[in-house]
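Colleague:
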Amino acid sequence: MTGTSPLAHPQGLAGIDPRGPRFVAAVTAVVLALTVLTGSVWLLLVQVLVFALGTVLGISRTPYSDAFRRLVRPRLAPPAELEDPRPPRFAQGVGLAVTGIALLLAWVGVGGAVEVGAGLALIAALLNAVFGLCLGCELYLLLVRARTAA
Amino acid sequence: MDTLLLRGVALGLIVALAVAVGLWRRRRDGQARAVPAGDLLTAEQLGTTLGPVATLVQFSSAVCAPCRAAHRVLSAVAQRSHGVRHVDLDAEQHLELVRRLEVMRTPTVLVLDDGGRVVARSSGVPSPAQVTQALALASARPGQEL
């Protein structure tokens, strides 16, 4: 006996290669690691812009994802299955919130904001790239719970 | 140069923390633990009938890729186990249950016995073997050593 999923893919929503978001997370981790090492507000700005693209247009429309399609995917076997693009897109939004706030704080002169913001986002990016864990996605239920708590 | 060293150490600590969290999660995910004196769920609350032997209640959410993987594992095990039913609920549509059962992440899986009492729970994607183990808790009689 089995139930049907209440969250099956809506018709017409194209799936994405699940290795794409992992690759995007790996590139994101490198950029954020360099940001922590250099404290460069410009590097953080680049990552904020990429997160913004991923949030507004979807993770497949970021330059990192372009690199995956052109350089990596042709060398891989076709994916065993496709994945819903909504979870990684939501996670891009969480990344945008964390690094965006850090960028604003740095702009108004809060010391260490660049490093702390990049460091937090780096933990999430590493967990995604190395372990396939999506911390941003797991925040979703907690956010829904908090929003309706009042 | 000193600042660069300091930054390097900070980076090392961040990477170590991420790896520790990842390994801890990997070990814990899918591992069912017995729930003593668990809540009672009714067919009405679940929106479907209970399995005659056990029910696997999965909480999922829209932004959850591992929920799909968990769904496949649970429905496959339910299909080949006698009298076991798999129910996949959207956590957002069942916030009252989510709160009462303290579901913090998706996927969370509850194992109900034939009377609808929660006897075990796990979070993360379980392996088929872990689900079978958890189901054994449902058929154990109350008061029996597990």
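As you go down the protein sequences, you meet chains E and W in turn. Using this note's numbering, the first residue of the first sequence is number 310, and each one after it goes up by one. Using this note's numbering, the first residue of the second sequence is number 946, and each one after it goes up by one. Here a beta-carbon is modelled for each residue, glycine too, at the ideal position from N, C-alpha and C.
(1) How would you list, in chain order, the residues of chain E whose beta-carbon sits under 9 Å from the beta-carbon of W:Gly1080?
(2) Under the three-state reduction of DSSP, which class applies to E:Leu412: helix, strand or coil?
(3) Count the other CB atoms within 10 Å of the CB of W:Thr987; is the residue buried (16 or more) or exposed (fewer)?
(4) Is there a Cβ of chain E sitting closer than 7 Å to that of W:Ala963, yes or no?
(5) Taking the beta carbon of E:Gln401 as the centre, do at least 16 other beta carbons fall within 10 Å, making it buried, or is it exposed?
(6) Using a Cβ-based criterion (distance less than 6 Å to any ligand heavy atom), does E:Ser369 qualify as near the ligand SAM?
(7) Thinking just about the alpha-carbon of each residue, which of W:Ser1084, W:Ala977, W:Asp984, W:Gln1038 is nearest to the one in E:Thr457?
(8) For chain E, find out if any of its Cβ atoms is closer than 7 Å to the Cβ of W:Val1008; answer yes or no.
(9) How long is the line joining the alpha carbons of W:Ala1081 and W:Val1056, rounded to whole angstroms?
(10) Would you say E:Ile432 and W:Ala963 are within 7 Å of each other, going by their C-beta atoms?
(11) Let me see if you follow: with CB-CB separation under 7 Å, is E:Val345 close to chain W or not?
(12) Hey, W:Val1064 and W:Val966: beta-carbon distance below 7 Å or not?
(13) Bridge partners of W:Thr948, per DSSP?
(14) How about E:Pro462 and E:Cys443: are their beta carbons less than 7 Å apart?
(15) For the stretch 1037-1056 of chain W, enumerate the residues whose C-beta is nearer than 8 Å to any C-beta of chain E, in chain order.
(16) Pull out every residue of the stretch 346-363 of chain E whose Cβ sits closer than 9 Å to any Cβ of chain W, in chain order.
(17) Could you give the DSSP three-state label for E:Glu392: helix, strand or coil?
(18) Quick one: Cα of W:Val1048 to Cα of E:Gly363, how far?
(19) Taking only beta-carbon positions, decide if E:Arg328 is within less than 7 Å of chain W.
(20) Please determine if the stretch 333-348 of chain E and the stretch 437-452 of chain E are in contact, where contact requires at least 3 C-beta pairs separated by less than 8 Å.
(21) Would you report the Cα separation of E:Gly367 and E:Val357, rounded to the nearest angstrom?
(22) Using beta carbons (cut-off 7 Å, strictly below), is W:Gly967 in contact with chain E?
(23) Across which residues does DSSP place W:Arg1030 in a beta bridge pair?
(24) By Cβ distance, which residues of its chain are closer than 8 Å to W:Pro1073, with the 5 residues on each side in sequence left out?
(25) Quick check on the DSSP output: the beta strand (DSSP E) that includes W:Ser1068 runs from which residue to which?
(26) Indicate whether at least one CB of chain E lies closer than 7 Å to the CB of W:Arg970.
(27) Applying the criterion that 16 or more other CB atoms from any shown protein chain within 10 Å of the CB defines a buried residue, is W:Thr1000 buried or exposed?
(28) Please name the residue or residues paired with W:Arg978 in a DSSP beta bridge.
(29) In this structure, does DSSP put E:Ser374 in helix, strand or coil?
Modeller: Let me lay it out:
(1) One detail in the question is off: residue 1080 of chain W reads as Leu in this sequence, not Gly. Per Cβ cutoff of 9 Å: no residues; W:Leu1080 is ~13 Å from chain E at best.
(2) Of the three classes helix, strand and coil, the one that applies to E:Leu412 here is helix, per DSSP.
(3) W:Thr987 is exposed by the Cβ-count criterion.
(4) Yes, contact with chain E.
(5) Classification of E:Gln401: buried, given that the 10 Å Cβ count is 16 or more.
(6) Among the components modelled here there is no ligand, and therefore nothing to report on the ligand SAM.
(7) For the residues W:Ser1084, W:Ala977, W:Asp984, W:Gln1038, the minimum Cα distance to E:Thr457 belongs to W:Gln1038.
(8) Yes - at least one Cβ of chain E is within 7 Å of the one on W:Val1008.
(9) A direct Cα-Cα distance of roughly 10 Å separates W:Ala1081 from W:Val1056.
(10) The Cβ atoms of E:Ile432 and W:Ala963 lie closer than 7 Å to each other.
(11) By this cut-off, E:Val345 is an interface position.
(12) Taking 7 Å as the Cβ cut-off, W:Val1064 and W:Val966 do not qualify as a contacting pair.
(13) Bridge partners of W:Thr948: none, in fact.
(14) The first residue shown for chain E is 310 and the last is 459, placing residue 462 of chain E beyond what the model contains.
(15) Taking 8 Å as the Cβ-Cβ cut-off against chain E, the residues of the stretch 1037-1056 of chain W that qualify are Glu1037, Gln1038, Leu1040, Val1043, Arg1044, Val1048, Met1049, Arg1050, Thr1051.
(16) The stretch 346-363 of chain E vs chain W, Cβ under 9 Å: Leu346, Thr347, Gly348.
(17) DSSP places E:Glu392 in strand when its eight states are reduced to three.
(18) Taking C-alpha positions only, W:Val1048 is separated from E:Gly363 by approximately 29 Å.
(19) It does not; no Cβ of chain W falls within 7 Å.
(20) In short, these stretches touch, since the Cβ pair count reaches three.
(21) E:Gly367 and E:Val357 have their C-alpha atoms spaced approximately 14 Å apart.
(22) Interface flag for W:Gly967 against chain E is set, since a Cβ pair is found closer than 7 Å.
(23) Answer by DSSP bridge pairing, in chain order: W:Thr1000.
(24) Same-chain partners within the cutoff: Val1018, Ala1021, Val1022.
(25) Here the beta strand (DSSP E) through W:Ser1068 covers 1063-1068.
(26) Yes - at least one Cβ of chain E is within 7 Å of the one on W:Arg970.
(27) In the assembly as shown, W:Thr1000 is a buried residue. Its beta-carbon has 16 or more other beta-carbons within 10 Å.
(28) W:Arg1066, per the DSSP bridge assignment.
(29) Three-state result, E:Ser374: helix.
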